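In our numbering, the protein residues as written are 1 to 226.
Okay, so here's the structure we're looking at.
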């Protein structure tokens, strides 16, 4: 399936004014099942396939910026290695083609406490309770692996973005009502800024899309540099 995905269709960024990247022979893989990241990639005009990583998320890093860069690279490498296990580079079908893997990871940080996705109701409540009435940071790390099948050259790049988010004070009842929507359980910090939690966001300083899960403007510029 992966091999067919790679050679089955030609991928490109559609010709638009100011678009400088020609990906006619590059297959883009987003190593994430996040619907928010898929939407942002589509809004930016990219055509891609989704192959989510199947790794356990572990890191020895302690700084938020390094944690998200490390985990995003682990995800990209995991998908890259899984693809390369089934690729036969001797086939003519791969001649002239390149593969790009994009991995991403998002965490919330408040007073040096790292918050990932909540495991249960209590964890979600405690996270939101610590965020309400305060300012916290959202970090997203993005890693890119670009591999040329013909030359077997491999280029890697990682970067991160962070955004300050201020949350209005919330009562316990408001926190419970939000958790009851179920919107919190698949999101770092137990909330999604683009969902019903939006009514509690007082303001942000930085990239909104970074809070959603992918700093798409910064990713676009990184790809231009590559």
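Don't be surprised by glycine CBs; every beta carbon is placed ideally from N, CA and C.
The structure presented is a predicted model; accordingly, all values stated were derived computationally and were not measured.
- Beta-bridge annotation (DSSP): residue 154 is paired with 147.
- DSSP lists 100 as the beta-bridge partner residues of residue 28.
- Relative to residue 203, the option among 133, 147 and 62 whose CA is nearest is 133.
- Per DSSP, reduced to three states, the secondary structure at residue 217 is helical.
- According to DSSP, residue pairing for residue 137 in a beta bridge involves 109 and 164.
- Distance from the Cα of residue 226 is smallest, within the candidate group 122, 146 and 153, for 146.
- Here residue 209 is buried. Its C-beta has 16 or more other C-beta atoms within 10 Å.
- Taking C-beta separations shorter than 7 Å and ignoring five residues to either side along the sequence, residue 88 has no partners in its chain.
- With contacts defined as CB atoms closer than 8 Å, residue 130 and residue 117 fail to qualify as a contacting pair.
- For residue 83, the closest C-alpha among the options 101, 70, 39 and 96 is that of 101.
- For the pair residue 32 and residue 104, the CB atoms are nearer than the 8 Å cut-off.
- Taking the Cα positions, residue 212 is about 21 Å away from residue 74.
- Look at residue 197 here: in three-state DSSP terms it is helix.
- Membership of residue 188 in any alpha helix (DSSP H) is not indicated, and neither H nor E is assigned to it by DSSP.
- Rounded to the nearest whole angstrom, the CA to CA distance from residue 206 to residue 92 is 46 Å.
- Taking residue 143 as reference, the option from 170, 114, 68 and 185 with the minimal CA-CA separation is 68.
- Of all C-beta pairs linking the stretch 191 to 199 to the stretch 165 to 183, three or more are shorter than 8 Å, placing the two stretches in contact.
- The residue from 162, 37 and 215 with its alpha-carbon nearest to that of residue 48 is 37.
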